[in-house]
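Colleague: So my numbering is basically just the index in the sequence shown, starting at one, shifted up by 260. Ideal Cβ placement from N, Cα and C applies to all residues, glycine included. Quantities reported herein were computed from a predicted structural model and do not represent experimental measurements. Take this structure, written in structure tokens, and hold onto it; I'll ask about it next.
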Amino acid sequence: MLDATECKGLEEIIHGVLSNLRRLEELYMAESFLKWGPTVGSKDETSMASLDEVMSLSDHLKVLAIKIPDVQMLQNEEFLLKSQPIRFHVSINISFKNPMPGYLFENSLMLRGDVKEYMEIGAVRYLLKQSEDLSLHKTYNLKYVMEELDDQEGFQHLKVLSIMYDNNIEYLMNGTDWTCRRQPAFPILKSVTFENVHKLKFVCRGKLPDKHSFMNLRSIAIDSCDELKYVFSLSTAQNLVQLQSLTVYECYKVEEIISKDRMEDDNASRMFPRLTFLKLSYLQKLCGFYTGNQRDFTYKV
Numbered sequence: 261m262l263d264a265t266e267c268k269g270l271e272e273i274i275h276g277v278l279s280n281l282r283r284l285e286e287l288y289m290a291e292s293f294l295k296w297g298p299t300v301g302s303k304d305e306t307s308m309a310s311l312d313e314v315m316s317l318s319d320h321l322k323v324l325a326i327k328i329p330d331v332q333m334l335q336n337e338e339f340l341l342k343s344q345p346i347r348f349h350v351s352i353n354i355s356f357k358n359p360m361p362g363y364l365f366e367n368s369l370m371l372r373g374d375v376k377e378y379m380e381i382g383a384v385r386y387l388l389k390q391s392e393d394l395s396l397h398k399t400y401n402l403k404y405v406m407e408e409l410d411d412q413e414g415f416q417h418l419k420v421l422s423i424m425y426d427n428n429i430e431y432l433m434n435g436t437d438w439t440c441r442r443q444p445a446f447p448i449l450k451s452v453t454f455e456n457v458h459k460l461k462f463v464c465r466g467k468l469p470d471k472h473s474f475m476n477l478r479s480i481a482i483d484s485c486d487e488l489k490y491v492f493s494l495s496t497a498q499n500l501v502q503l504q505s506l507t508v509y510e511c512y513k514v515e516e517i518i519s520k521d522r523m524e525d526d527n528a529s530r531m532f533p534r535l536t537f538l539k540l541s542y543l544q545k546l547c548g549f550y551t552g553n554q555r556d557f558t559y560k561v
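Put into structure tokens, the structure is as follows:
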């Protein structure tokens, strides 16, 4: 094991040091060394260690915590693909601090910047598919999270999702365009946070593929999403049987929490049976929680 976590004074790692650690299984470099040299063989090659050396460890590396200043440093297609599974805490193009949450972290990935650029790099696609905790911060060129980031495979491993300061995302999932029906979407997702996602229109658009999609979701927090009018479609709400906490704050265009499409069956009695915390604040246009069914129904919150 090599642990250089938060070693802010670490200014130099000589080329060849990391690649010679041929039995290294755990490498912790979160919030420490950032001055990686260029790819080996590059005309700009220096004496500084490069990420290629980290890649060369991937046939035996089991744990990696690292901060990468530029996604282009991951263009080597062999990165993290030799040893599977690998446990990771990776942040890419993040200028602020993203501390490692102890040593027993789950697979976590934080991205900032151009999503199209990320999706051209095999290492990032691998990390996305294996992520259990995913944070998107100031990303762009992304409208539908699941369809564009996970190739419609449904994020089978994801447990926690945070999306902050985004001007492009419209839906977490666009069910009307989803063609993959072999498996549920977000089957083990527990927590979702949207903060300043200014073009968000719906959490999920259209009907979910099956009753197992989102079935383990326990917490949803939505803050300062300017274009949001309806939080859930009726079919999405009916799947949230484990939901315990719902917060919607400063979304000034929200009219209803649940909106019923004309093609959806009406069954309000099945919604949110485990909800214990509800916070609706600064929603000036809110007309009701769910007005599609005028029958009285109550929640113990």
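Counting C-beta neighbours from all protein chains within 10 Å, is the total for Ile274 16 or more, i.e. buried, or is it exposed?
Modeller: The residue in question, Ile274, is exposed, as its Cβ has fewer than 16 Cβ neighbours within 10 Å.
Colleague: Candidates Thr536, Lys489, Val314: which alpha carbon is nearest Lys545's?
Modeller: That would be Lys489, whose Cα lies nearest to the Cα of Lys545.
Colleague: Between which two residues does the beta strand (DSSP E) containing Ala325 stretch?
Modeller: Segment 323-328, the beta strand (DSSP E) holding Ala325.
Colleague: Using alpha carbons as the reference points, say which of Ile346, Ser292, Leu477 lies closest to Met315.
Modeller: Nearest C-alpha to Met315: Ile346.
Colleague: For Cys464, write down the residues that DSSP places opposite it in a beta bridge.
Modeller: Looking at the DSSP assignment, Cys464 forms a beta bridge with Met433.
Colleague: Return the Cβ separation of Thr453 and Ser493 in integer angstroms, given the expectation that the two are a contact with Cβ distance under 8 Å.
Modeller: In fact, because the Cβ distance is near 20 Å, the residues do not count as touching under 8 Å.
Colleague: With DSSP run on the structure shown, which of helix, strand or coil describes Asn499?
Modeller: If DSSP states are grouped into helix, strand and coil, Asn499 belongs with the helices.
Colleague: Does DSSP put Asp312 in a helix, in a strand, or in coil?
Modeller: Asp312 falls in the helix class under three-state DSSP.
Colleague: How far does the beta strand (DSSP E) with Arg385 in it extend, from its first residue to its last?
Modeller: It is not in any beta strand (DSSP E) - Arg385 instead sits in the alpha helix (DSSP H) that spans 382-390.
Colleague: Can you grab the Cα-Cα spacing for the pair Val350 / His320, in whole Å?
Modeller: So the alpha carbons of these two residues sit roughly 18 Å apart.
Colleague: Determine whether the beta carbon atoms of Lys419 and Lys450 lie at a separation below 8 Å.
Modeller: A contact, by the Cβ cut-off of 8 Å.
Colleague: Assuming Arg534 and Gln498 are in contact, meaning their beta carbons sit under 8 Å apart, how far apart are those beta carbons, in whole angstroms?
Modeller: Their Cβ separation, rounded to whole angstroms, is 13 Å, which puts Arg534 and Gln498 out of contact at 8 Å.
Colleague: When every heavy atom of the ligand FMN is checked, does at least one fall within less than 7 Å of the C-beta of Asp411?
Modeller: Absence of the ligand FMN is noted for the structure shown, with no ligands found whatsoever.
Colleague: Can you tell me whether Lys403 is helix, strand or coil according to DSSP?
Modeller: Correct three-state label for Lys403: coil.
Colleague: Just to confirm my understanding: we take Tyr550, look at its own chain, exclude 5 residues before and 5 after, and list those with CB closer than 7 Å. What are they?
Modeller: Counting only Cβ-Cβ distances below 7 Å, and skipping sequence neighbours, we find Glu516, Ile517, Ile518, Ala528.
Colleague: Which parts of the region 343-384 are runs of the beta strand (DSSP E), unbroken and 3 residues or longer, counting only runs that do not cross its ends?
Modeller: Whole beta strand (DSSP E) segments, 3+ residues: 347-352, 368-374.
Colleague: Looking only at C-alpha atoms, which of Leu468, Thr399, Ser318 sits nearest to Met370?
Modeller: The candidate whose alpha carbon is nearest that of Met370 is Thr399.
Colleague: Using only the alpha-carbon positions, how far apart do Ala309 and Glu271 sit?
Modeller: Between Ala309 and Glu271, the C-alpha separation is close to 11 Å.
Colleague: Answer with buried or exposed for Asn280, where buried requires no fewer than 16 other C-beta atoms within 10 angstroms of its C-beta.
Modeller: That one is exposed.
Colleague: Could you tell me the distance, in whole angstroms, from the CA atom of Tyr404 to the CA atom of Gly435?
Modeller: Straight-line Cα distance between these residues: approximately 10 Å.
Colleague: Roughly how many angstroms lie between the CA atoms of Pro329 and Trp296, to the nearest whole one?
Modeller: The alpha-carbon atoms of Pro329 and Trp296 are separated by roughly 9 Å.
Colleague: Consult DSSP for Met408 and reduce its assignment to one of helix, strand or coil.
Modeller: A small correction: the amino acid at residue 408 is Glu; Met does not occupy that position in the sequence shown. In this structure, Glu408 counts as helix in the three-state DSSP scheme.
Colleague: Name the residue from Asn456, Gly414, Gly548, Ala290 whose alpha carbon lies nearest to the alpha carbon of Phe356.
Modeller: Checking every option, the nearest Cα to that of Phe356 belongs to Ala290.
Colleague: Is it true that the CB of Leu468 sits closer than 8 Å to the CB of Phe462?
Modeller: Against a cut-off of 8 Å, the Cβ pair of Leu468 and Phe462 comes out as no contact.
Colleague: Please go through the same chain and pick out, in chain order, the residues whose beta-carbon is closer than 6 Å to the beta-carbon of Ser484, but skip the five residues on each side of it.
Modeller: Closer than 6 Å at Cβ, skipping near neighbours: Asn456, Glu510.
Colleague: Straight-line CA distance for Val491 to Phe348?
Modeller: Rounded to whole angstroms, Val491 to Phe348 spans 32 Å at the Cα level.
Colleague: Considering just the uninterrupted stretch of the beta strand (DSSP E) at Met289, what are its terminal residues?
Modeller: 286-289 is the extent of the beta strand (DSSP E) around Met289.
Colleague: Take Ser368 and list the residues in its own chain whose beta-carbon comes closer than 6 Å to its own, dropping the five residues that flank it on each side.
Modeller: Cβ neighbours of Ser368 beyond the five flanking positions: His349, Asp393.
Colleague: What residues match up with Tyr512 in a beta bridge as DSSP calls it?
Modeller: DSSP output for Tyr512 lists no bridge partner at all.
Colleague: Anyone know if the C-beta pair for Ser505 and Phe532 falls short of 8 Å?
Modeller: Taking 8 Å as the Cβ cut-off, Ser505 and Phe532 do not qualify as a contacting pair.
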